[in-house]
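Presented below is the structure to which this report refers.
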Amino acid sequence: TLKVWDVAANSCVHTYTHHSSKVQCVRWHPTEAGVMLSAAFDRRLGLLDVRQTSQVATTKLPAEAESAIWSQHRPFECMASVDNGGVACFDVRKVASKAPYSEQVLWSLQAHDVACTAVQDSPLPNVLLTCGLDGVAKVWNAPGVLPTLVMEKYLNAGA
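Spelled out as C-alpha coordinates, the structure:
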(Lines of atoms letter the chains of each structure in order from A and count residues from 1; the text may use other names and numbers.)
(Lines give C-alpha, C1' and ligand atoms only; values in the text may rest on other atoms or scores of the structure.)
Protein backbone atom coordinates (compact mmCIF):
# COMPACT_ATOMS: atom_id res chain seq x y z
CA THR A 1 0.00 0.00 0.00
CA LEU A 2 0.90 3.63 -0.34
CA LYS A 3 -0.26 6.10 2.31
CA VAL A 4 -0.45 9.88 1.98
CA TRP A 5 -0.10 11.70 5.29
CA ASP A 6 -1.02 15.14 6.55
CA VAL A 7 2.03 15.70 8.74
CA ALA A 8 0.55 18.79 10.41
CA ALA A 9 -2.48 16.80 11.56
CA ASN A 10 -0.46 13.60 12.04
CA SER A 11 -3.09 11.60 10.16
CA CYS A 12 -3.37 9.46 7.05
CA VAL A 13 -5.27 11.31 4.32
CA HIS A 14 -5.62 8.39 1.90
CA THR A 15 -4.44 4.83 1.41
CA TYR A 16 -3.82 3.63 -2.14
CA THR A 17 -3.98 -0.08 -2.91
CA HIS A 18 -3.06 -0.11 -6.60
CA HIS A 19 0.03 -2.25 -6.04
CA SER A 20 -0.14 -5.95 -5.17
CA SER A 21 3.39 -6.18 -3.76
CA LYS A 22 5.89 -4.01 -1.88
CA VAL A 23 6.19 -0.42 -3.07
CA GLN A 24 9.83 0.29 -3.82
CA CYS A 25 9.71 3.96 -4.80
CA VAL A 26 7.45 7.02 -4.53
CA ARG A 27 8.26 10.40 -6.08
CA TRP A 28 6.34 13.68 -6.04
CA HIS A 29 6.23 15.48 -9.38
CA PRO A 30 8.72 18.39 -9.25
CA THR A 31 6.26 21.00 -10.57
CA GLU A 32 2.74 19.49 -10.49
CA ALA A 33 1.59 19.70 -6.87
CA GLY A 34 -0.29 16.62 -5.76
CA VAL A 35 0.94 14.36 -8.56
CA MET A 36 3.20 11.42 -7.77
CA LEU A 37 4.47 8.20 -9.21
CA SER A 38 5.05 4.87 -7.53
CA ALA A 39 6.90 1.75 -8.60
CA ALA A 40 6.72 -1.65 -6.96
CA PHE A 41 7.82 -5.26 -6.88
CA ASP A 42 4.56 -6.18 -8.66
CA ARG A 43 6.17 -4.90 -11.88
CA ARG A 44 3.82 -1.92 -12.04
CA LEU A 45 4.30 1.83 -12.29
CA GLY A 46 1.51 3.94 -10.78
CA LEU A 47 0.53 7.54 -11.47
CA LEU A 48 -1.75 9.32 -9.03
CA ASP A 49 -3.07 12.71 -8.08
CA VAL A 50 -3.93 13.15 -4.42
CA ARG A 51 -6.65 15.63 -5.42
CA GLN A 52 -8.48 12.82 -7.28
CA THR A 53 -7.90 9.75 -5.12
CA SER A 54 -10.16 7.46 -7.13
CA GLN A 55 -8.18 7.95 -10.33
CA VAL A 56 -4.98 5.91 -10.43
CA ALA A 57 -3.31 4.93 -13.69
CA THR A 58 -0.90 2.00 -13.81
CA THR A 59 1.25 0.38 -16.43
CA LYS A 60 3.55 -2.60 -16.52
CA LEU A 61 7.28 -2.58 -15.95
CA PRO A 62 9.61 -5.10 -17.63
CA ALA A 63 10.69 -6.48 -14.22
CA GLU A 64 10.52 -5.62 -10.50
CA ALA A 65 11.08 -1.92 -9.80
CA GLU A 66 14.35 -0.67 -8.35
CA SER A 67 13.92 3.11 -8.73
CA ALA A 68 11.77 5.67 -10.54
CA ILE A 69 12.11 9.38 -11.26
CA TRP A 70 10.38 12.25 -12.99
CA SER A 71 12.33 13.85 -15.82
CA GLN A 72 13.75 17.23 -14.83
CA HIS A 73 13.56 18.51 -18.40
CA ARG A 74 10.46 16.82 -19.83
CA PRO A 75 7.57 17.20 -17.36
CA PHE A 76 5.42 14.53 -19.04
CA GLU A 77 8.08 11.82 -18.77
CA CYS A 78 9.17 9.49 -16.03
CA MET A 79 11.72 6.69 -15.95
CA ALA A 80 12.00 3.47 -14.00
CA SER A 81 14.92 1.12 -13.50
CA VAL A 82 14.28 -2.55 -12.84
CA ASP A 83 15.96 -5.60 -11.37
CA ASN A 84 16.84 -7.20 -14.72
CA GLY A 85 19.10 -4.21 -15.54
CA GLY A 86 16.63 -2.38 -17.73
CA VAL A 87 15.46 1.23 -17.79
CA ALA A 88 12.23 2.41 -19.41
CA CYS A 89 10.96 5.92 -20.12
CA PHE A 90 7.20 6.55 -20.12
CA ASP A 91 4.96 9.30 -21.46
CA VAL A 92 2.69 9.79 -18.44
CA ARG A 93 -0.04 11.34 -20.60
CA LYS A 94 -0.28 8.06 -22.52
CA VAL A 95 -0.26 6.03 -19.30
CA ALA A 96 -3.03 8.21 -17.82
CA SER A 97 -5.14 7.91 -20.97
CA LYS A 98 -4.64 4.11 -21.01
CA ALA A 99 -3.13 4.22 -24.49
CA PRO A 100 -1.64 0.99 -25.86
CA TYR A 101 1.54 -0.02 -24.02
CA SER A 102 3.64 0.52 -27.16
CA GLU A 103 2.61 4.21 -27.10
CA GLN A 104 3.26 4.60 -23.37
CA VAL A 105 6.92 3.53 -23.59
CA LEU A 106 9.07 6.17 -25.27
CA TRP A 107 12.20 4.03 -25.07
CA SER A 108 13.73 1.19 -23.10
CA LEU A 109 17.27 -0.06 -22.81
CA GLN A 110 19.30 -2.79 -21.15
CA ALA A 111 21.54 -0.53 -19.05
CA HIS A 112 23.20 -3.24 -16.93
CA ASP A 113 23.52 -7.04 -16.90
CA VAL A 114 22.20 -7.15 -13.32
CA ALA A 115 19.75 -4.99 -11.36
CA CYS A 116 19.85 -1.31 -12.33
CA THR A 117 19.53 0.09 -8.83
CA ALA A 118 19.15 3.74 -9.81
CA VAL A 119 18.42 6.00 -12.73
CA GLN A 120 18.85 9.77 -12.52
CA ASP A 121 18.76 12.55 -15.05
CA SER A 122 21.20 15.40 -14.76
CA PRO A 123 20.57 19.12 -14.37
CA LEU A 124 22.24 19.23 -17.80
CA PRO A 125 19.74 18.39 -20.55
CA ASN A 126 20.00 14.99 -22.25
CA VAL A 127 22.34 13.45 -19.65
CA LEU A 128 21.20 10.33 -17.84
CA LEU A 129 23.04 8.35 -15.17
CA THR A 130 22.51 4.73 -14.14
CA CYS A 131 24.16 2.45 -11.64
CA GLY A 132 23.77 -1.22 -10.97
CA LEU A 133 24.63 -4.08 -8.67
CA ASP A 134 27.57 -4.71 -11.00
CA GLY A 135 29.29 -1.72 -9.35
CA VAL A 136 29.28 0.23 -12.60
CA ALA A 137 28.04 3.79 -13.06
CA LYS A 138 27.11 4.75 -16.62
CA VAL A 139 26.55 8.10 -18.30
CA TRP A 140 24.12 8.16 -21.21
CA ASN A 141 23.28 10.69 -23.92
CA ALA A 142 19.47 10.79 -23.76
CA PRO A 143 18.10 13.25 -26.33
CA GLY A 144 14.50 12.04 -25.96
CA VAL A 145 15.01 8.90 -28.00
CA LEU A 146 16.93 5.73 -27.17
CA PRO A 147 19.93 6.77 -25.04
CA THR A 148 23.46 5.96 -26.14
CA LEU A 149 26.29 5.11 -23.76
CA VAL A 150 28.84 7.90 -23.30
CA MET A 151 31.04 6.36 -20.63
CA GLU A 152 31.08 3.84 -17.82
CA LYS A 153 33.20 3.46 -14.72
CA TYR A 154 33.59 0.64 -12.25
CA LEU A 155 33.35 2.30 -8.85
CA ASN A 156 34.30 -0.66 -6.62
CA ALA A 157 31.69 0.60 -4.14
CA GLY A 158 29.79 -1.54 -1.70
CA ALA A 159 32.13 -4.51 -2.04
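Residue 1 is where the sequence shown starts when you use the UniProt record's numbering, and the numbers rise one by one after that. Where is the CB? At the ideal position from N, CA and C, for every residue including glycine.
Cutoff 7 Å; reference residue i; Cβ partners in own chain excluding five residues on either side
i    : result
Asp6 : Val13
Cutoff 6 Å; reference residue i; Cβ partners in own chain excluding five residues on either side
i      : result
Ala142 : Asn126 and Leu128
Leu61  : Arg43, Leu45, Ala80 and Val82
Neighbourhood of residue i by C-beta distance below 8 Å, restricted to the same chain and skipping five residues each side
i     : result
Phe90 : Leu45, Thr59, Glu77, Cys78, Met79, Ala80, Gln104, Val105 and Leu106
Nearest-angstrom Cα separation, counted from residue j out to residue i
i      : j      : result
Tyr101 : Gln120 : 23 Å
Ser38  : Asn156 : 30 Å
Ala111 : Val82  : 10 Å
Arg43  : Asn10  : 31 Å
Leu124 : Ala88  : 20 Å
Cys25  : Arg74  : 20 Å
Val23  : Ala57  : 15 Å
Leu109 : Lys98  : 22 Å
Met151 : Ala137 : 9 Å
Asp134 : Ala118 : 12 Å
Ala33  : Ser71  : 15 Å
Trp140 : Ser21  : 31 Å
Pro30  : Asp113 : 30 Å
Per-residue burial, residue i [other beta carbons within 10 Å of its own, 16 or more giving buried]
i      : result
Lys94  : buried
Thr15  : exposed
Ala115 : buried
Below 8 Å, how does it come out for the stretch 49-56 and the stretch 64-77: are there three or more Cβ pairs, yes or no?
no
Jot down the residue ranges of each uninterrupted alpha helix (DSSP H) in the stretch 66-108, minimum 4 residues, whole runs only, in chain order.
92-96 and 101-104
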